[in-house]
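Student: Take 3 as the starting number for the sequence shown in the numbering used here and just add one per residue.
Note that beta-carbon positions come from the ideal geometry of N, C-alpha and C, so glycine has one too.
All values derive from a computational prediction rather than experimental measurement.
Sharing a structure here in structure tokens format.
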Amino acid sequence: MIRRVLQPELLSKLRHNPAVVLMGPRQVGKTTLALELASERKSVYLDLERPSDLAKIADVEWFCDLNKGNLLIFDEVQLAPNLFAPLRGVIDARIRAGDRSAQFLFLGSASIELLRQSSETLAGRVAYCELRPFDLREVGHGALNKLWHRGGFPESFIADSDTRSLDWRLDLIRTYLERYMSQLGPRVPAETLRRFWTMLAHSQGQVFNASALGRGLGLRSVTISRYLDFMVNLLLVRRLQPWTSNLGKRLIRAPKTYLRDSGICHALLGIGSLNDLLGHPVVGGSWEGFVIETIIGTLPRHARFGYYRTSGGAEVDLVVDLGAGTLVAIEIKRSRAPSVSRGFFSACEDLKPTLRLVVHGGGESFPLSREVEAVSLDGALSRIQDFLPITGSATT
Numbered sequence: 003m004i005r006r007v008l009q010p011e012l013l014s015k016l017r018h019n020p021a022v023v024l025m026g027p028r029q030v031g032k033t034t035l036a037l038e039l040a041s042e043r044k045s046v047y048l049d050l051e052r053p054s055d056l057a058k059i060a061d062v063e064w065f066c067d068l069n070k071g072n073l074l075i076f077d078e079v080q081l082a083p084n085l086f087a088p089l090r091g092v093i094d095a096r097i098r099a100g101d102r103s104a105q106f107l108f109l110g111s112a113s114i115e116l117l118r119q120s121s122e123t124l125a126g127r128v129a130y131c132e133l134r135p136f137d138l139r140e141v142g143h144g145a146l147n148k149l150w151h152r153g154g155f156p157e158s159f160i161a162d163s164d165t166r167s168l169d170w171r172l173d174l175i176r177t178y179l180e181r182y183m184s185q186l187g188p189r190v191p192a193e194t195l196r197r198f199w200t201m202l203a204h205s206q207g208q209v210f211n212a213s214a215l216g217r218g219l220g221l222r223s224v225t226i227s228r229y230l231d232f233m234v235n236l237l238l239v240r241r242l243q244p245w246t247s248n249l250g251k252r253l254i255r256a257p258k259t260y261l262r263d264s265g266i267c268h269a270l271l272g273i274g275s276l277n278d279l280l281g282h283p284v285v286g287g288s289w290e291g292f293v294i295e296t297i298i299g300t301l302p303r304h305a306r307f308g309y310y311r312t313s314g315g316a317e318v319d320l321v322v323d324l325g326a327g328t329l330v331a332i333e334i335k336r337s338r339a340p341s342v343s344r345g346f347f348s349a350c351e352d353l354k355p356t357l358r359l360v361v362h363g364g365g366e367s368f369p370l371s372r373e374v375e376a377v378s379l380d381g382a383l384s385r386i387q388d389f390l391p392i393t394g395s396a397t398t
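Spelled out as structure tokens, the structure:
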């Protein structure tokens, strides 16, 4: 069992809030984590994909009264959009009776929809956590290449061979396309969504161009943008926004897109082994997305981040504002002997960051210049933590 770094935060939020929403993509380990917590206290677990469990909450207030004193865990809660409204009265009544914590744990595989449903009715009563695929802190630096190649979905990562790992990811993709997306998203053919998803994988780390993607699929750009919103809301795609500043520069305004799990990206492209990945044109964008997702997953909630690019060629792959005047500029290179372009130095002249890092694929750290450090991914996480007086949960 790989211990999840989110577990202490989840326990803390349950201790201090009557309800907690645990979000994350399907098969990321939400149910496993919830049942592990449930084994340590009186709990009742319902999977709302099961008609029999869904029928149990036809009268949810009566069900809650019947199970008073238990932590009630509702899985795939986005499939029951009318659940939250009656629970507000249940929670308020329990708070008045002195029960202010660990009443409900909601598990869901979508972000914005869950937030909309719960925030409108449970404002001030609910806290949020996002469970991500395995990251480097959980599996260790020795498994870095395996994690990059297979991604962090537990069943993919722990599979006993690359072939079984790839088969599992392809099955997950098929499940999303043929069943899950049709439950929550636009009514479009599964093959169209697969082609869109695959095109995003090919363009990993590139500036999003809805018109170009639309021409490739024979769809309008507004439709393409709606598909992207959908994939972002399912926590499958990262839309990295451009860094905004008051520097008077002509900035690139479109977001970059990354498939959040590198293993899913590789499966969509038919990449079966690490050697295949190293020879594939997407290798640079894949490594960049993997590093960015790893770093973002360790940032405190108050941190802001984006990428910086001007029309004049100044560029930084990831800019992170840690607060208190601390700005970090991060360039990402796969090579173990990285070199830095003039664009990075130009961007640093614009931004004047506190810390300038170049994350490479090796395990050593060394100076590239008086102000720029070349670091491993582990080293980057450590250096960023050095500037955090108080650590917190990652942004979503």
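What does DSSP give as the partner residue(s) for S45 in the beta ladder?
Tutor: Residue 45 sits at position 43 when you count from the first residue of the sequence shown. L73, per the DSSP bridge assignment.
Student: Quick check: the Cα distance between T177 and I4, rounded to an integer number of angstroms?
Tutor: Position 175 of the sequence shown, counted from the start, is the residue given in the question as residue 177. Position 2 of the sequence shown, counted from the start, is the residue given in the question as residue 4. One C-alpha to the other measures close to 25 Å.
Student: Mapping DSSP to helix, strand and coil, what is G240?
Tutor: Stepping through the sequence shown from its first residue, residue 240 is reached at position 238. The sequence given here places Arg at residue 240; Gly does not occur at that position. Note: R240 maps to strand in three-state DSSP.
Student: Measuring CB atoms only, is the region 325-338 touching the region 275-294, in the sense that at least three cross pairs come out at less than 8 Å?
Tutor: Contact between the region 325-338 and the region 275-294 is present, because at least three Cβ pairs lie under 8 Å.
Student: Rounded C-beta distance between L16 and S103? I'm assuming under 8 Å.
Tutor: The residue given as residue 16 occupies position 14 in the sequence shown. The residue given as residue 103 occupies position 101 in the sequence shown. That pair is a contact at about 7 Å.
Student: Identify whether E78 lies in helix, strand or coil by the three-state DSSP scheme.
Tutor: Translated into the one-based positions of the sequence shown, residue 78 becomes position 76. Coil, per DSSP.
Student: What's the gap between the Cα of G100 and the Cα of V321?
Tutor: On the sequence shown, position 98 is the one that residue 100 refers to. On the sequence shown, position 319 is the one that residue 321 refers to. Whole-angstrom Cα-Cα distance: 45 Å.
Student: Quick test of your reading: L179 and F155, contact by CB under 8 Å. State the CB separation rounded to the nearest angstrom.
Tutor: Counting from 1 along the sequence shown, the entry for residue 179 is found at position 177. Counting from 1 along the sequence shown, the entry for residue 155 is found at position 153. Actually they do not touch by this definition, with Cβ atoms about 16 Å apart.
Student: At the level of alpha carbons, what is the spacing between A396 and R262?
Tutor: Counting from 1 along the sequence shown, the entry for residue 396 is found at position 394. Counting from 1 along the sequence shown, the entry for residue 262 is found at position 260. Confidence in A396 is poor, its pLDDT being 45 and thus under 50, which makes the residue's placement unreliable; the coordinate value appears in the next sentence. Rounded to whole angstroms, A396 to R262 spans 14 Å at the Cα level.
Student: What does DSSP give as the partner residues of R306 in its beta bridges?
Tutor: As a working mapping, residue 306 is identified with position 304 in the sequence shown. For R306, which the question treats as bridged, DSSP gives the partners D323.
Student: For K354, name the three-state secondary structure that DSSP assigns.
Tutor: In the sequence shown, the residue the question calls residue 354 occupies position 352. Note: K354 maps to coil in three-state DSSP.
Student: Determine, using beta-carbon pairs with one atom in the region 264-281 and one in the region 217-237, whether at least three such pairs fall under 8 Å.
Tutor: Counting Cβ pairs under 8 Å, fewer than three are found: no touch.
Student: Roughly how many angstroms lie between the CA atoms of V141 and P355, to the nearest whole one?
Tutor: For the purposes of this step, residue 141 is taken as the residue at position 139 of the sequence shown. For the purposes of this step, residue 355 is taken as the residue at position 353 of the sequence shown. The alpha-carbon atoms of V141 and P355 are separated by roughly 31 Å.
Student: Taking the beta strand (DSSP E) that M25 falls in, what are its first and last residues?
Tutor: Here residue 25 refers to the residue found at position 23 of the sequence shown. Here the beta strand (DSSP E) through M25 covers 21-25.
Student: Which full runs of the alpha helix (DSSP H) of 4+ residues lie inside the region 78-157, going along the chain?
Tutor: List check, alpha helix (DSSP H) in window: 86-98, 114-123, 138-141, 146-152.
Student: So, is the C-beta of A326 closer than 8 Å to a C-beta in chain D?
Tutor: This model lacks chain D altogether, as it is built from one protein chain only.
Student: If we count the other Cβ atoms within 10 Å of its Cβ and call it buried at 16 or more, is L89 buried or exposed?
Tutor: Here residue 89 refers to the residue found at position 87 of the sequence shown. L89 should be labelled buried.
Student: For the beta strand (DSSP E) holding A376, just list the boundary residues, first then last.
Tutor: Position 374 of the sequence shown, counted from the start, is the residue given in the question as residue 376. Element bounds for A376: 374-377.
Student: From what residue to what residue does the alpha helix (DSSP H) around T200 run?
Tutor: Here the question's residue 200 lines up with position 198 in the sequence shown. First-last of the alpha helix (DSSP H) with T200: 192-204.
Student: Measure the Cβ-Cβ separation of G31 and L146 and say whether it is below 8 Å.
Tutor: In the sequence shown, the residue the question calls residue 31 occupies position 29. In the sequence shown, the residue the question calls residue 146 occupies position 144. No, these two residues do not count as a Cβ contact at 8 Å.
Student: So what's I334 in DSSP terms, helix, strand or just coil?
Tutor: Along the sequence shown, one-based indexing puts residue 334 at 332. Residue state, collapsed to three classes: strand.
Student: Starting from T259, follow the beta strand (DSSP E) in both directions and report where the run begins and ends.
Tutor: Residue mapping note: residue 259 aligns to position 257 of the sequence shown, counting from 1. First-last of the beta strand (DSSP E) with T259: 258-261.
Student: G308 to K44, Cα distance in whole Å?
Tutor: What you label residue 308 is simply residue 306 of the sequence shown in a count that begins at 1. What you label residue 44 is simply residue 42 of the sequence shown in a count that begins at 1. Each residue's alpha carbon lies about 42 Å from the other.
Student: Per DSSP, what are the beta-bridge partners of V209 in this structure?
Tutor: Here the question's residue 209 lines up with position 207 in the sequence shown. According to DSSP, which records beta bridges pairwise, V209 is partnered with K258.
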